[in-house]
Amino acid sequence: MKPGRFALSLLSAIPLVLAACANKSDEIAASYVSPTIYEGMSCRQLAVEAQSVANRAAQAAAAQDKKANNDAVATGVGVVLFWPALFFIKGDGAQAAEVARLKGEMQAIETANTVKNCGIRFST
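Residue numbers for the sequence shown, in mature numbering (1 follows the signal peptide of the UniProt record, and there is no 0): -19 to -1, 1 to 105.
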């Protein structure tokens, strides 16, 4: 293969490599979680559960963002310096699914909060 064609084929592969990168946590959509699982909770229990889920969601989001940053670094190194680094890109997986589930739980808790008129304040 001629050097020019190799460079062109490498450049054409960049969009595919970037698509394999892990998403930042704020780019992950919430999974649906039914608010009925929170119907039997009191407002106080909902507040405690909301805090617990928010703490877990913050940890999961931080881990997902770290994974996305690591993939971005591997992509940069792979494209510019050393193409075998592209094999270290992990993409989204169980961590992203956890972020989506926890976002869905928060939405379900917010819905239960509204239905029960608890007045719990959620920061965004």
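Even for Gly, the Cβ is constructed at its ideal location relative to N, Cα and C.
The C-alpha of A28 is placed about 20 Å away from the C-alpha of A11.
Collapsing the DSSP output to three states places Y19 in a helix. Note on E8: under 16 other CB atoms within 10 angstroms of its CB, so exposed under the neighbour-count rule. V96 and A41 do not touch by the CB rule: their CB atoms are close to 26 Å apart, not below 8 Å.
Using a Cβ distance threshold of 8 Å, V14 and G74 do not count as a contacting pair. Rounded to the nearest angstrom, the Cβ distance from N4 to A49 is 6 Å, consistent with a contact under 8 Å. I90: member of the alpha helix (DSSP H) spanning 75 to 97, first to last residue. Residue state for S104 is assigned as coil, using DSSP reduced to three classes.
In the same chain as E30, and ignoring 5 residues on each side of it, the C-beta atoms closer than 8 Å to its own belong to Y19, M22, I90, in chain order.
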